[in-house]
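To start, the structure itself, in structure tokens.
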Ligand SMILES: Cc1ncc(COP(=O)(O)O)c(C=O)c1O
Ligand SMILES: Cc1ncc(COP(=O)(O)O)c(C=O)c1O
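Protein chains in written order, with the UniProt record's numbering: chain F, 1 to 354; chain S, 1 to 354.
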């Protein structure tokens with residue numbers, strides 16, 4: 001395994017107040033960086049001060065979008081311990097994204113070791129108020145200074161960390177979501193399954209339109225037939241219809257969410273019927289009409305669960321569960337956040353204590 | 001119009017030898033930068049030394065791919081003058097890309113003025129050997145240091161320039177191109193029509209597979225039906241069938257190439273029948289089988305024209321015009337490069353003299 005050089009800052013920052021945290025705005029004192037050079041592999045790993053990095057304007061990431069990223073969290077438990085939630089899954093997914101974007105693989109064990117060292121060093125940055133966490137962003141960017149369209153010969157793999165506030169300050173409020181008709185986020189054969197910048201850039205326009213109409217997010221349909229449900233901006237989506245929980249299967253154009261996988265496992269452990277399969281928007285509209293659409297919720301690292309209270313499709317507004325969080329959603333939220341806070345025993349083996 | 005501050009380098013670089021130029025590897029002494037801040041607009045325009053820029057690791061372009069770019073060239077004429085080729089079209093297209101990527105518009109006239117000043121300052125960097133040129137890369141990147149998924153509040157618009165060698169050192173050699181079956185570059189409703197990094201990142205994997213099989217590029221089919229011809233990696237595509245030149249219409253998922261548009265105008269001016277329409281890969285295979293597929297060529301700023309000598313589709317290899325450049329391709333190449341070199345009169349009003 002590579003050595004990690006540590007250069008601690010001599011100039012630690014003041015920590016922001018807990019209720020000013022928000023999301024993704026403040027960064028901890030340190031970051032991890034390792035370099036890749038063709039022919040040499042990954043080298044020069046270090047933990048150093050969080051600071052600007054000098055980049056040539058010709059760096060490939062600025063032009064050809066060759067980049068991948070991950071998102072996970074560290075939680076402070078009620079006992080003051082720091083837990084990571086399924087970090088191995090994030091590094092495995094990063095390598096899947098790497099494959100699609102023709103970026104060299106990282107050593108997953110080494111990445112986990114680096115992450116543990118980094119979080120330990122900035123341990124005091126993990127906030128401990130209920131619902132808060134330390135958001136962790138590993139990412140890889142193409143740094144070769146060259147305008148030829150080909151896979152870069154140089155990369156940087158960086159981990160930065162941002163203390164983040166509670167997603168649900170005033171309690172869990174269901175969101176309103178709009179089914180996107182004009183724009184497409186991803187298509188089979190494209191990069192939808194990878195966590196790469198282009199997917200998010202592509203989604204901004206639909207998101208903007210939804211927000212203008214008063215919706216929090218867009219629900220994306222498939223790019224071929226504009227018919228099957230895919231996912232929300234940065235969440236997977238679940239529907240409870242007539243007692244069964246249904247989520248779109250991993251079809252190659254949606255992200256394999258780690259929260260999604262965790263939810264499916266929790267549902268199975270509680271004997272709630274759950275199906276991963278193709279589901280059309282028409283099936284959902286029908287279920288709403290005949291009164292069997294019981295709950296809709298998104299899942300993702302940021303919010304854990306985001307219940308959907310209204311779904312707009314074409315000219316119709318489907319109201320779900322009277323705009324209130326459903327029973328299963330609440331149970332899933334309580335179970336997952338309980339495991340993350342250390343108040344519920346982790347029988348799944350998902351958490352890693354630092 | 002914004003003022004452009006000029007800080008000339010005190011340390012000009014040595015210019016590389018003409019036959020070492022290649023593409024996109026060397027950069028001139030200067031670059032242009034202007035900043036955008038929400039609420040303030042574009043400000044602080046300057047021409048300064050080409051050098052690394054400090055970027056926060058949380059800059060949005062690294063994570064969410066919010067970036068757009070352009071590519072054009074300056075040519076030295078046989079009389080030693082410097083010409084720009086249709087630069088107004090590039091800045092107009094940049095603004096179309098901006099719109100799709102939710103990036104604020106630039107002032108096209110101001111951008112052209114900045115470009116002229118920059119090229120004038122680095123005028124000695126425009127190489128003058130036959131077939132060489134100064135490649136110009138305007139681009140915009142999202143620089144807000146924030147991990148929320150939303151349009152950035154800060155941007156940099158930068159122009160860098162790279163002297164580039166002759167594309168056809170040993171004469172025009174037709175290339176072999178493979179029709180991509182597994183991967184998709186873009187789909188209607190996606191970002192295919194915009195010049196944004198994600199499209200190129202997405203294309204790397206297909207490109208890699210094509211190269212492993214000995215093909216120079218992939219020909220992309222549409223993302224919905226996998227049936228209609230779209231474009232090549234960084235070129236639009238034309239087919240001459242039974243005397244008529246056909247190119248895919250601008251359908252929302254391909255780039256509106258400026259060379260493509262120029263070729264159509266030249267063809268019309270020479271009374272060669274030309275059609276912009278949907279064309280299926282089957283129509284091309286049939287034309288090859290019945291002997292009416294006369295020429296195939298790609299068009300783009302880099303090569304002007306790239307004749308295709310072989311097209312691989314499924315298990316079949318279509319050989320076009322015995323693997324030699326066709327008459328119309330040659331005429332188009334001679335006309336366009338003649339206008340660019342100043343040896344043919346520019347009756348279209350495409351060139352701007354510095
Ligand atoms: C597009 C997309 N889908 C789904 C998810 C949910 O994935 P996870 O549960 O691993 O956070 C995310 C966010 O991380 C995402 O960006
Ligand atoms: C995807 C794509 N298509 C087509 C083209 C050709 O466009 P233009 O003729 O403007 O160079 C380019 C290159 O610039 C390109 O990147």
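All C-beta atoms, glycine included, are put in the ideal place defined by N, C-alpha and C.
For the stretch 191–233 of chain F, the full-length alpha helix (DSSP H) segments reaching 4 residues or more read 197–212 along the chain. For the pair residue 50 of chain S and residue 30 of chain S, the CB atoms are nearer than the 7 Å cut-off.
Residue 235 of chain S has its CB nearer than 6 Å to a heavy atom of ligand 2. Contact between residue 100 of chain F and residue 193 of chain F holds, since their C-beta atoms are separated by about 7 Å, short of 8 Å. The nearest non-hydrogen atom of ligand 2 is 6 Å or more from the C-beta of residue 108 of chain S. Identification of chain F residues near residue 12 of chain S by a Cβ-Cβ cut-off of 8 Å yields none; the smallest Cβ-Cβ distance measures about 18 Å.
Non-local beta-carbon contacts of residue 97 of chain F in its own chain, meaning distances under 7 Å to residues more than five positions away in sequence, involve 68, 194, 195 and 196 in chain order. What residue 182 of chain S touches in chain F, judged by beta-carbon distance under 7 Å, is 189, going in chain order. In the DSSP assignment, residue 266 of chain S falls within the unbroken alpha helix (DSSP H) covering 258–269. Remark: the shortest separation between the CB of residue 71 of chain S and any heavy atom of ligand 2 falls under 6 Å. For the pair residue 271 of chain F and residue 332 of chain F, the Cα-to-Cα distance works out to about 13 Å.
The alpha helix (DSSP H) runs of length 4 or more contained entirely in the stretch 93–179 of chain S are, from start to end of the chain, 108–121. Residue 163 of chain S counts as buried, since at least 16 other C-beta atoms from the protein chains shown sit within 10 angstroms of its C-beta.
Taking a Cβ-Cβ threshold of 9 Å, the residues of chain F close to residue 196 of chain S are 65, 198, 201 and 202, in chain order. By the criterion of at least three beta-carbon pairs nearer than 8 Å, the stretch 299–311 of chain F is in contact with the stretch 229–239 of chain F. Buried is the label assigned to residue 217 of chain S, since at least 16 other Cβ atoms lie within 10 Å of its Cβ.
Shortest Cα-Cα distance from residue 139 of chain S to any of S/157, S/146, S/152 and S/149 involves S/157. With a cut-off of 6 Å, the C-beta of residue 258 of chain F is classified as near ligand 1, since at least one heavy atom of the ligand falls inside that distance. Under the criterion of beta carbons closer than 8 Å, residue 118 of chain S and residue 32 of chain S qualify as touching, at roughly 5 Å. For residue 58 of chain S, same chain residues with a beta-carbon under 8 Å away, outside a window of 5 residues either side, are 145, 146 and 147 in chain order. Per DSSP, the unbroken alpha helix (DSSP H) holding residue 338 of chain F starts and ends at 327–341.
Residue side-chain check: residue 301 of chain F places its Cβ nearer than 6 Å to a non-hydrogen atom of ligand 1.
Shown here for residue 60 of chain S: same chain residues with a beta carbon closer than 6 Å to its own, the five before and five after excluded, namely 66, 142, 144 and 152 in chain order. When DSSP states are grouped into helix, strand and coil, residue 61 of chain S belongs to the helix group. Around the beta-carbon of residue 1 of chain F, fewer than 16 other beta-carbon atoms lie within 10 Å, marking it exposed. The stretch 312–320 of chain S makes no contact with the stretch 342–349 of chain S; the number of CB pairs closer than 8 Å stays below 3.
In the displayed model, residue 20 of chain F falls within a helix according to three-state DSSP. Contact with chain S is found for residue 146 of chain F, since one of that chain's Cβ atoms lies less than 7 Å from the residue's Cβ. Here residue 45 of chain F has 2, 4 and 34 as same chain residues with Cβ atoms under 6 Å from its own Cβ, once five neighbours each way along the sequence are excluded. Cβ proximity to chain S below 9 Å picks out 22, 23, 24, 25, 27, 31 and 33 from the stretch 14–39 of chain F. For the set S/329, S/206, S/71 and S/52, the Cα lying nearest the Cα of residue 301 of chain S is the one of S/71.
With a threshold of 16 other beta carbon atoms within 10 Å, residue 265 of chain F falls short and is exposed. Excluding the 5 residues flanking it on each side, residue 110 of chain F has same chain C-beta neighbours closer than 7 Å at 1 and 2, in chain order. Contact with chain F is found for residue 234 of chain S, since one of that chain's Cβ atoms lies less than 7 Å from the residue's Cβ. With 16 or more other Cβ atoms from the protein chains shown falling within 10 Å of its own Cβ, residue 74 of chain S counts as buried.
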